[in-house]
Every structure is written in structure tokens, then in C-alpha cells.
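Participant: Take a look at the following structure, please.
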Amino acid sequence: ELGEHDIACQRDRDRHCSGLFVCRANDSTLRMFEAMKSNFADDDQTTLNRFIGRTNATRLSSRFFNYGQIASGRWTGGTIETPPGMLAHHANHVVGVPAKIRMMNQVRAGWKSGRLVPCED
Numbered sequence: 038e039l040g041e042h043d044i045a046c047q048r049d050r051d052r053h054c055s056g057l058f059v060c061r062a063n064d065s066t067l068r069m070f071e072a073m074k075s076n077f078a079d080d081d082q083t084t085l086n087r088f089i090g091r092t093n094a095t096r097l098s099s100r101f102f103n104y105g106q107i108a109s110g111r112w113t114g115g116t117i118e119t120p121p122g123m124l125a126h127h128a129n130h131v132v133g134v135p136a137k138i139r140m141m142n143q144v145r146a147g148w149k150s151g152r153l154v155p156c157e158d
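Sequential numbering from 38 applies to the sequence shown in my numbering.
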């Protein structure tokens, strides 16, 4: 997923998600994280998106799944249709630990019931 890029982030609507990413330990990402630390804005995601242009960045594929890829707004307990071959699930777009646990349990139950196709790699 990373290929020749410095950092690959999960898609969060039209922004890079700071909650799930993979990156190289190199000068480019070090400078980006140092700039983020020195110029922290409202939250980590806003700050990441402000400085990510200093790197060779890309997005992770939809195999790295979050609710924001299929809906707008917060998850309120409805059914989540997860993609086949999902490699990871990031429980965002949900408020509170109990709700996150319910979301993760629903995604896990979908996988166990065969709605999800396990990834090959």
C-alpha cells in the first residue's frame, strides 16, 4: 500500500485520516511530524492535513475501512456494510468507548457470518 510514498493514510471523506496510517521513517516524514508538533492546530487530523503536503503522500485502499467511507456523519447504531477483503477496520465516526465497542462487535459479527471475504495476503 505504501509503494514509493512516504506516508499512506486512511481516507476520511476528502481528508487524510490521522488515526490509521503507515509511514516511512525518513527525513520527509520527520520534518512533517516536527512541523506538526511545533504548529499544532485544533486537533491531530487538522494538523496532519495542514502539513502532509511536505511529503510524498497517498491514501490507503478501501481495504482499510472506516464508516466515513460509506456514510457521512456519525454512526448511530445502524447496519454497517463492510467491503469484501477488508484488511483493517478503524472505529471512527462514533462517539464514546461503548459505541466504539458496539461498532467493532458488529463488524466482527459480519466477518464471522461470512458477509466479509477474508483477504488473501
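A virtual CB, placed ideally from N, CA and C, is assigned to each residue, including glycine.
Going by DSSP, what residues sit across from V59 in a beta bridge?
Facilitator: According to DSSP, which records beta bridges pairwise, V59 is partnered with A45.
Participant: Do R96 and R50 come within 8 Å of each other at the CB atom, strictly closer than that value?
Facilitator: No, the pair does not count as a contact, with Cβ atoms beyond the cut-off.
Participant: Using three-state DSSP, classify N103 as helix, strand or coil.
Facilitator: Residue state, collapsed to three classes: strand.
Participant: For A94, does the three-state DSSP call read helix, strand or coil?
Facilitator: Three-state result, A94: strand.
Participant: Here's a check: name, in chain order, each residue in its chain whose Cβ is nearer than 8 Å to the Cβ of I117, leaving out the five neighbours to either side.
Facilitator: These residues qualify, in order along the chain: Y104, I107, M140, Q143, V144, G147.
Participant: Considering only C-alpha positions, which residue in the set T84, F70, S109, R100 is nearest to M123?
Facilitator: With distances taken between Cα atoms, M123 lies closest to R100.
Participant: Secondary structure at R111, three-state DSSP: helix, strand or coil?
Facilitator: DSSP places R111 in coil when its eight states are reduced to three.
Participant: Take the Cβ of I138 as the centre, count every other Cβ of all protein chains shown within 10 Å, and call the residue buried at 16 or more, exposed below.
Facilitator: With fewer than 16 Cβ atoms within 10 Å of its Cβ, I138 is classed as exposed.
Participant: Taking the Cβ atom as the reference point for each residue, do L57 and H127 lie within a distance shorter than 8 Å?
Facilitator: A contact, by the Cβ cut-off of 8 Å.
Participant: From N63 to E41, what does the alpha carbon distance come to, in whole angstroms?
Facilitator: Roughly 12 Å separates the two Cα atoms.
Participant: With C-beta atoms as the reference, is A72 less than 8 Å away from R52?
Facilitator: No, they are not a contact pair.
Participant: Quick check: what's the CA-CA separation for F102 versus S109?
Facilitator: Between F102 and S109, the C-alpha separation is close to 14 Å.
Participant: Going along the chain, which residues of its own chain have a beta-carbon closer than 7 Å to the beta-carbon of G68, five neighbours each way excluded?
Facilitator: At residue 68 the sequence reads Arg, which differs from the Gly that was named. So the qualifying residues of the chain are R91.
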